[in-house]
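So the structure is just underneath, and the comments pick up after that.
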Amino acid sequence: MIRILISLLLFTSFSVIAQQKDSFQTILSEEFIFTPQHEHSHGSSIVALSNGDFLAVWFQGSGERGADDVRIMGARLEKGKKDWSKPFVAADTPGLPDCNPVVFLNKKGKLFLVWIAVQGNMWEGSILRTRTTTNYNNPGAPVWEWQDNILIKPGKEFEEEIEKQFEAMPELTHGWAGYAPLYDDMVKEASKDKVKRSIGWMTRIKPLVLESGRIILPLYSDGYNLSICAISDDDGQSWKASKPIVGRGPIQPALAVRKNGDIVAYMRDSGDAPARVHKCISKDNGESWSYTVKTDIPNEASVELLTLKDGRWAFVGNDINDGRYRIALMLSDDEGETWKWKEYLENDKPDGGSYSYPCLIQTADGLLHITYSSRTKETEKSIKHLVVNPDKIK
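Numbering-wise, our numbering comes out as the position in the sequence shown, counting from 1, plus 654.
Right, here's the structure in full:
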């Protein structure tokens, strides 16, 4: 018996060491972008610049939509350095909360910052704002050359698509009182309002830039509790609305491209239980979408998705639905049909820290750069940056 116990202990020890070794090989580096502090810091985005630097942005302040001091912050990691620059203000609309920034480059190398200014301190009043520049390769903050709002105007097709897709979806037969309006009917009725469907669209996930140069910027609405995309075919000079992504609570789309050209969206579940990642498909370059169905991936918050250079897909998100204490990186070699490889980037106790809202990009060397919100205590909030070698995930 003693020999058996010793063998088990040795096996467990070696297993732990092996897991730690694998994790060490997978995660090449990790650091906080800024020293953890007390202000709410959330919703990060990262982009690799043409000179080898990295730019990260997030929103920070005393709250979210209800706090007028919330602004968009940024920091730069210069090529070859290990420490990020001192954070700087990237955008701040006077008297309004600024939230949910995304940064990206178009095909011509122009840098875009897109975010929301929250009017009336309600998500439904959000207005899309953007800044652009080609002057971003010097140390410190980019020198913004242009700023405007992004205004989209979903038309009659928005109303018609919502009606059509809800009719096609399986009937919802639970969770409603006999005297209460049906959820589907309330969304259909709201879709007829020209003002409601023109505002309140919010950023969260980086856009997909197709080989053609088309930019597909995922958006979502807390008012409609569904999603849409803003599409640009002129490198971000003008934008139009796609048809809505319809389902019962699909928000914050993350996009990947199949080998056959189909675009797949994975989304956070803001609908009925059980909470699972939503999925839908576009066969016309983001113009229209199938209604969403739930996958078997548990969901608590925003997720990320990326087609890697070798054809595999990468997914980052909380694969639990009872908190944000665990965040996983998963890989698929069959375009998301199965996820055969998984590595935990954070794996805390249920009453421990909170790790959420990831951003995921891949650089020319094949490495993955991931940022996400990290909160271990009320006074320890920051944005974490990881560099991961996907070839080392077992």
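For every residue, glycine included, the Cβ atom is placed at its ideal position computed from N, Cα and C.
For clarity, every value in this text was computed on a predicted model and none was experimentally measured.
query: Are the Cβ atoms of Q906 and R978 separated by less than 7 Å?
result: The residue you call residue 906 lines up with position 252 of the sequence shown. The residue you call residue 978 lines up with position 324 of the sequence shown. Result no, Cβ atoms of Q906 and R978 do not sit closer than 7 Å.
message: In whole angstroms, give me the CA-to-CA distance for P952 and W769.
response: Working through the sequence shown from its first residue, we reach residue 952 at position 298. Working through the sequence shown from its first residue, we reach residue 769 at position 115. If I take the Cα positions, the gap works out to 28 Å.
- prompt: Can you give the Cα-Cα distance for V797 and N789, rounded to whole angstroms?
  reply: Taking the first residue of the sequence shown as position 1, residue 797 is located at position 143. Taking the first residue of the sequence shown as position 1, residue 789 is located at position 135. Each residue's alpha carbon lies about 6 Å from the other.
- prompt: To which residues of the same chain is E597 closer than 7 Å at the C-beta, ignoring the five residues directly before and after it?
  reply: Only positions 655 to 1048 of the chain appear in this structure, which leaves residue 597 out of reach.
- prompt: Taking Cβ to Cβ, would you say N972 is nearer than 7 Å to E958?
  reply: Your numbering for residue 972 matches position 318 in the sequence shown. Your numbering for residue 958 matches position 304 in the sequence shown. Result no, Cβ atoms of N972 and E958 do not sit closer than 7 Å.
- request: List the whole-angstrom C-beta distance separating P861 from I869, where the pair is believed to meet the contact cut-off of C-beta under 8 Å.
  value: Stepping through the sequence shown from its first residue, residue 861 is reached at position 207. Stepping through the sequence shown from its first residue, residue 869 is reached at position 215. Yes, P861 and I869 are in contact; Cβ-Cβ is about 5 Å, under 8 Å.
task: Could you check the C-alpha separation between S683 and G749 for me, to the nearest Å?
output: Here residue 683 refers to the residue found at position 29 when the sequence shown is read from its first residue. Here residue 749 refers to the residue found at position 95 when the sequence shown is read from its first residue. Rounded to whole angstroms, S683 to G749 spans 38 Å at the Cα level.
message: According to DSSP, simplified to helix, strand and coil, what is T1133?
response: Nothing in the structure corresponds to residue 1133, since the chain is present only between 655 and 1048.
- prompt: With C-beta atoms as the reference, is E1000 less than 7 Å away from I1047?
  reply: Along the sequence shown, read from residue 1 onward, the residue named residue 1000 stands at position 346. Along the sequence shown, read from residue 1 onward, the residue named residue 1047 stands at position 393. Not a contact, by the Cβ cut-off of 7 Å.
query: Helix, strand or coil for F820 per DSSP?
result: Within the sequence shown, numbered from 1, the residue matching residue 820 stands at position 166. Three-state DSSP puts F820 in a helix.
query: So what's E778 in DSSP terms, helix, strand or just coil?
result: As a first step, residue 778 must be located in the sequence shown, where it is residue number 124. Looking at E778 - three-state DSSP - the assignment turns out to be helix.
- prompt: First and last residue of the alpha helix (DSSP H) that includes D839?
  reply: Counting from one through the sequence shown, the residue named residue 839 turns up at place 185. Unbroken alpha helix (DSSP H) run through D839: 837-844.
query: Are the beta-carbon atoms belonging to K897 and I885 less than 7 Å from one another?
result: Reading the sequence shown from its first residue, position 243 is the one you call residue 897. Reading the sequence shown from its first residue, position 231 is the one you call residue 885. Against a cut-off of 7 Å, the Cβ pair of I885 and K897 comes out as no contact.
- prompt: On the three-state DSSP scale, how would you describe Q906?
  reply: Looking up residue 906 in the sequence shown gives position 252. DSSP places Q906 in strand when its eight states are reduced to three.
message: Relative to the C-alpha of T1025, which candidate in G734, S698, G903, P1044 has its C-alpha closest?
response: As a first step, residue 1025 must be located in the sequence shown, where it is residue number 371. When only C-alpha atoms are compared, the closest one is S698.
- request: Report yes if the C-beta distance between Y1011 and S1028 is below 7 Å; otherwise report no.
  value: What you label residue 1011 is simply residue 357 of the sequence shown in a count that begins at 1. What you label residue 1028 is simply residue 374 of the sequence shown in a count that begins at 1. Going by C-beta atoms, Y1011 is not nearer than 7 Å to S1028.
query: What are the partner residues of W712, as DSSP defines its beta bridges?
result: Numbered from its first residue, the sequence shown carries residue 712 at position 58. M727.
message: Out of K1035, K735, P690, D722, which one is the CA nearest neighbour of L709?
response: Working through the sequence shown from its first residue, we reach residue 709 at position 55. The option with the nearest alpha carbon to L709 is K735.
message: Between which residues of its own chain and M984 is the CB-CB distance below 6 Å, once the five residues before and five after are set aside?
response: By 1-based counting over the sequence shown, the position of residue 984 is 330. Excluding sequence neighbours, M984 sits near F969, W993, K996.
field: N-terminal and C-terminal residue of the beta strand (DSSP E) that G971 is part of
entry: Working through the sequence shown from its first residue, we reach residue 971 at position 317. Taken as a continuous stretch (DSSP letters only), the beta strand (DSSP E) holding G971 covers 967-971.
query: In whole angstroms, what separates the C-alpha of M727 from that of C934?
result: Walking along the sequence shown from the start, residue 727 turns up at place 73. Walking along the sequence shown from the start, residue 934 turns up at place 280. For M727 and C934, the distance between alpha carbons rounds to 32 Å.
message: Let me see if you follow: with CB-CB separation under 7 Å, is Y878 close to chain C or not?
response: You won't find chain C in this structure, because it holds only one protein chain.
task: Return helix, strand or coil for R851, following the three-state DSSP convention.
output: Position 197 of the sequence shown holds residue 851. In the structure shown, R851 sits in a helix (DSSP, three-state: H, G or I).
message: So, with DSSP's three-state summary, where would you put E997?
response: Along the sequence shown, read from residue 1 onward, the residue named residue 997 stands at position 343. Strand.
query: Cβ of G940 within 7 Å of Cβ of I974?
result: Looking up residue 940 in the sequence shown gives position 286. Looking up residue 974 in the sequence shown gives position 320. For G940 and I974, no; Cβs fall outside 7 Å.
Same chain only: Cβ atoms within 7 Å of R922, ignoring 5 sequence neighbours per side: Your numbering for residue 922 matches position 268 in the sequence shown. So the qualifying residues of the chain are I905, Q906, N953, A955, S956, V957.
- prompt: Measuring CB to CB, does A771 end up less than 7 Å from T747?
  reply: Your numbering for residue 771 matches position 117 in the sequence shown. Your numbering for residue 747 matches position 93 in the sequence shown. Yes; because the gap between Cβ atoms is below 7 Å, this pair is in contact.
field: Candidates R725, K937, P928, G901: closest to D950 by CA position
entry: Position 296 of the sequence shown, counted from the first residue, corresponds to residue 950. The shortest C-alpha separation from D950 is found at P928.
DSSP state of P1044 mapped onto helix, strand, coil: Your numbering for residue 1044 matches position 390 in the sequence shown. DSSP places P1044 in helix when its eight states are reduced to three.
task: Quick one: give me the first and last residue of the beta strand (DSSP E) that Y878 is part of.
output: Within the sequence shown, the letter at position 224 stands for residue 878. Counting along the chain, Y878 falls outside any beta strand (DSSP E), and DSSP gives it neither H nor E.
query: For V756, which option in A744, A982, G1020 has the closest C-alpha, if you only look at C-alpha atoms?
result: For the purposes of this step, residue 756 is taken as the residue at position 102 of the sequence shown. Of the candidates A744, A982, G1020, the one whose C-alpha sits nearest the C-alpha of V756 is A744.
field: Of the listed residues L1022, K1031, W800, D1019, nearest to G1007 (C-alpha basis)
entry: Start at 1 with the first residue of the sequence shown, and residue 1007 comes out as number 353. Of the candidates L1022, K1031, W800, D1019, the one whose C-alpha sits nearest the C-alpha of G1007 is K1031.
query: When DSSP labels each residue in this structure, what does Q891 get in the three-state scheme?
result: Numbered from its first residue, the sequence shown carries residue 891 at position 237. Q891 falls in the coil class under three-state DSSP.
Nearest-angstrom Cβ-Cβ length linking G867 and K948, presumed shorter than 8 Å: Taking the first residue of the sequence shown as position 1, residue 867 is located at position 213. Taking the first residue of the sequence shown as position 1, residue 948 is located at position 294. Rounded, the Cβ-Cβ distance is 33 Å, inconsistent with contact.
query: If you check the beta carbons only, do P690 and S986 fall under 7 Å apart?
result: For the purposes of this step, residue 690 is identified with residue 36 of the sequence shown, where counting begins at 1. For the purposes of this step, residue 986 is identified with residue 332 of the sequence shown, where counting begins at 1. It is not a contact, given that the beta carbons lie outside the stated cut-off.
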